[in-house]
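One structure below.
Protein chains: 2
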Amino acid sequence: MTAPAIGFDADDTLWHNENIFAHVHTRYTALLARYHDAATVERTLFATEMRNLDLYGYGVKSFTLSAIETAIELSGGQIGAAEIQHLIGLGREMLAHPVELLDGAADVLADLAAAGTHRLLLITKGDLRDQQAKLARSGLASHFKAVEVVAEKDEAAYAAILRRHGIAPERFLMVGNSLKSDILPVLALGGSGVHIPYRLLWAHERVAEIPQAPGRFFELKTLRDLPEVLRAWPAASRPAAGA
Amino acid sequence: MTAPAIGFDADDTLWHNENIFAHVHTRYTALLARYHDAATVERTLFATEMRNLDLYGYGVKSFTLSAIETAIELSGGQIGAAEIQHLIGLGREMLAHPVELLDGAADVLADLAAAGTHRLLLITKGDLRDQQAKLARSGLASHFKAVEVVAEKDEAAYAAILRRHGIAPERFLMVGNSLKSDILPVLALGGSGVHIPYRLLWAHERVAEIPQAPGRFFELKTLRDLPEVLRAWPAASRPAAGA
Chain A
45 MTAPAIGFDA
55 DDTLWHNENI
65 FAHVHTRYTA
75 LLARYHDAAT
85 VERTLFATEM
95 RNLDLYGYGV
105 KSFTLSAIET
115 AIELSGGQIG
125 AAEIQHLIGL
135 GREMLAHPVE
145 LLDGAADVLA
155 DLAAAGTHRL
165 LLITKGDLRD
175 QQAKLARSGL
185 ASHFKAVEVV
195 AEKDEAAYAA
205 ILRRHGIAPE
215 RFLMVGNSLK
225 SDILPVLALG
235 GSGVHIPYRL
245 LWAHERVAEI
255 PQAPGRFFEL
265 KTLRDLPEVL
275 RAWPAASRPA
285 AGA
Chain B
45 MTAPAIGFDA
55 DDTLWHNENI
65 FAHVHTRYTA
75 LLARYHDAAT
85 VERTLFATEM
95 RNLDLYGYGV
105 KSFTLSAIET
115 AIELSGGQIG
125 AAEIQHLIGL
135 GREMLAHPVE
145 LLDGAADVLA
155 DLAAAGTHRL
165 LLITKGDLRD
175 QQAKLARSGL
185 ASHFKAVEVV
195 AEKDEAAYAA
205 ILRRHGIAPE
215 RFLMVGNSLK
225 SDILPVLALG
235 GSGVHIPYRL
245 LWAHERVAEI
255 PQAPGRFFEL
265 KTLRDLPEVL
275 RAWPAASRPA
285 AGA
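Sequences listed follow chains A and B, in order.
Using the working numbering, the letters of the first sequence map in sequence onto residues 45 to 287.
Using the working numbering, the letters of the second sequence map in sequence onto residues 45 to 287.
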């Protein structure tokens with residue numbers, strides 16, 4: 045029997061991401077302030093993103109295209125080429141932004157990888173190249189046995205990953221900041237979830253549901269407390285011959 | 045011993061793609077005709093794409109962003125919001141474009157899958173969501189044992205795929221329209237390649253090199269001739285217990 049597996053979300057779980065978007069949103073609403081108030085700009089941008097999601101998917105390039113489209117719409121076509129070039133520049137800044145690890149990420153990942161008690165997977169959604177580039181810059185890549193970038197983090201995607209790696213759901217624990225993308229689909233498959241909220245959450249990721257899965261759902265304030273959860277986690281207490 | 049494996053490229057190997065880009069390029073040069081001649085527009089757009097490649101990667105969203113940036117540059121900032129909205133629309137049309145299979149793709153894939161003599165993989169680069177959506181629309185998805193979307197098709201990427209699926213290079217054959225992305229890196233690893241040129245090739249994919257790998261490199265006019273190559277391909281002549 046191989047070691048139980050832990051899946052880690054990336055953005056806002058291992059490194060800061062939503063704060064970069066928040067900063068860009070501030071600059072975006074300022075750029076459009078002469079056409080509309082910030083609340084209208086935010087609401088319209090979000091509506092554009094949701095309308096485009098099926099075609100564009102997640103990620104910075106999708107955001108940039110939706111931001112340009114929204115700027116044209118909200119300015120009644122008055123927005124200038126220089127301002128659109130500025131928006132393209134904001135997107136580029138986001139893509140090139142340094143990766144800033146969250147507190148504990150480097151230590152906890154290094155310790156877990158050294159211990160060899162669990163198979164460590166990185167499971168993230170969004171833009172393939174951007175996510176791989178961030179992982180490379182993070183310095184964490186060598187800790188992971190596999191990296192899975194998926195178009196959507198739903199039950200089907202997790203089921204496919206578990207099947208591909210030969211992981212039984214009851215021996216899989218997912219760590220992430222989004223109940224919707226990281227926790228609920230994994231609990232539904234019979235796996236376990238550790239929710240570590242980030243201080244910001246994109247509206248699209250919000251859910252009202254509170255997971256009900258005693259012994260399989262944990263909520264932490266910081267990654268630093270993950271090892272303590274793992275000591276109590278059922279799957280980890282079984283002998284793992286492959287470890 | 046499991047069955048030998050065949051990797052299939054997707055765009056311009058299983059379905060038309062470059063013709064969609066070519067059509068959009070024609071409309072793009074027409075849109076910018078009052079600023080510059082077509083050759084200048086094409087040359088500048090290509091330069092923008094190459095400059096952005098490392099940050100953006102491949103795919104329609106990257107193309108759209110580079111096309112907007114180039115239009116602003118070539119018009120000296122005179123391009124209007126309506127024209128930029130038109131470019132966004134072109135990108136959306138490309139993403140939503142129906143998948144048109146190349147001659148033989150449906151038959152050859154169905155026959156190979158039914159025969160079970162080879163493990164069939166789809167190996168493509170570019171935008172994760174777009175590629176997955178095209179595969180879903182193609183009707184070919186069920187024939188593949190695995191789908192690999194990578195950020196770049198180089199030796200490292202192929203080596204990782206072969207390792208992940210436990211495929212020895214000498215039992216791997218890649219089928220694709222690009223010598224640069226589909227054939228040369230696979231030959232370098234000791235695998236085999238079947239090159240089926242498409243009538244159009246993006247400048248970025250052009251190479252001067254002619255592969256030198258007797259018995260491991262084949263050039264075909266159509267996918268319909270692939271079964272004949274497979275009958276002579278060394279790896280296929282070995283008994284494959286897993287087949």
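Note that CB positions come from ideal geometry on N, CA and C, so glycine has one too.
First through last residue of the beta strand (DSSP E) which encompasses residue i
i              : result
K178 (chain B) : Unbroken run through K178 (chain B) is the alpha helix (DSSP H), L172 to S182; no beta strand (DSSP E).
K169 (chain B) : R163 to K169
A190 (chain A) : A190 to V194
G51 (chain B)  : A49 to F52
Spatial distance of residue i from residue j (CA atoms)
i              : j              : result
T168 (chain B) : Y79 (chain A)  : 43 Å
W277 (chain A) : I50 (chain A)  : 11 Å
L156 (chain A) : H162 (chain A) : 7 Å
H248 (chain B) : V238 (chain A) : 44 Å
G103 (chain B) : I227 (chain B) : 20 Å
A74 (chain B)  : D81 (chain B)  : 9 Å
Y242 (chain A) : F262 (chain A) : 15 Å
A280 (chain B) : F188 (chain A) : For A280 (chain B), the predicted model reports a pLDDT of 46, less than 50, meaning its position is unreliable and no value from the coordinates is stated.
E144 (chain B) : A177 (chain B) : 13 Å
R275 (chain B) : D269 (chain B) : 11 Å
P258 (chain B) : G234 (chain B) : 12 Å
R208 (chain A) : Y202 (chain B) : 18 Å
P255 (chain B) : E137 (chain A) : 40 Å
V273 (chain A) : V194 (chain A) : 27 Å
P283 (chain A) : P229 (chain A) : Summary for P283 (chain A): the model assigns pLDDT 46, below 50, so the residue's position carries little reliability; its value from the coordinates is reported in the next sentence. Spanning the two alpha carbons is a distance of roughly 27 Å.
F52 (chain A)  : L89 (chain B)  : 38 Å
G101 (chain B) : L153 (chain B) : 29 Å
W159 (chain A) : P271 (chain A) : Before going on, a small fix: residue 159 (chain A) reads as Ala here, not Trp. Cα to Cα, the separation comes out at about 11 Å.
R215 (chain A) : K265 (chain A) : 23 Å
E253 (chain A) : L118 (chain A) : 34 Å
L244 (chain B) : I132 (chain A) : 30 Å
I240 (chain A) : S222 (chain A) : 8 Å
G183 (chain B) : L267 (chain B) : 17 Å
H130 (chain A) : L231 (chain B) : 44 Å
R87 (chain B)  : A77 (chain B)  : 14 Å
H141 (chain B) : G220 (chain A) : 35 Å
R181 (chain A) : V85 (chain B)  : 35 Å
A83 (chain B)  : D98 (chain A)  : 35 Å
Proximal residues of chain E, C-beta to C-beta of residue i below 9 Å
i              : result
T108 (chain B) : Of the protein chains in the structure, A and B, none is chain E.
Beta-carbon contacts of residue i that lie in its chain and below 6 Å, excluding the five residues immediately before and after
i              : result
I211 (chain A) : A49
L179 (chain B) : A185
S236 (chain A) : L217 and R260
S110 (chain A) : T92, E93 and N96
K224 (chain B) : E249 and V251
S106 (chain A) : Y100
Span of the alpha helix (DSSP H) around residue i
i              : result
L153 (chain B) : A149 to A159
A185 (chain B) : A185 (chain B) -> no alpha helix (DSSP H), and no H or E assigned at all.
E137 (chain A) : A125 to A140
Sequence-distant residues of its chain with Cβ nearer than 7 Å to residue i (five each side left out)
i              : result
E113 (chain B) : T92
P213 (chain B) : L206, L233, G234 and G235
Q175 (chain B) : A54, T168 and V193
L172 (chain A) : V193
L139 (chain B) : V104 and D174
Same chain, Cβ closer than 8 Å to residue i, neighbours up to 5 away in sequence not counted
i              : result
W246 (chain A) : E62 and F65
E127 (chain B) : L75 and A115
L165 (chain B) : A49, I50, G51, F52, F188, K189, A190, V191, E192, I205 and H209
L134 (chain B) : V68, R71, Y72, T108 and A111
G170 (chain B) : D55, G101, Y102, G103 and V193
Residue i Cβ short of 7 Å to the ligand NAP heavy atom set
i              : result
T108 (chain B) : Absence of the ligand NAP from the depicted structure is noted, as is the absence of any ligand whatsoever, leaving it without description.
Does the count of Cβ pairs from the stretch 55–73 of chain B and the stretch 141–155 of chain B closer than 8 Å reach three? yes
Would you be able to state if there are at least three C-beta pairs under 8 Å between the stretch 189–206 of chain B and the stretch 123–130 of chain A? no
Every unbroken alpha helix (DSSP H) within the stretch 207–281 of chain A, with a cutoff of 4 residues, ordered by chain: Segments of the alpha helix (DSSP H) lying fully in the stretch 207–281 of chain A: 228–232, 270–276 and 278–281.
Ordered list of alpha helix (DSSP H) runs contained in the stretch 59–105 of chain B, each at least 4 residues: 62–75 and 82–100
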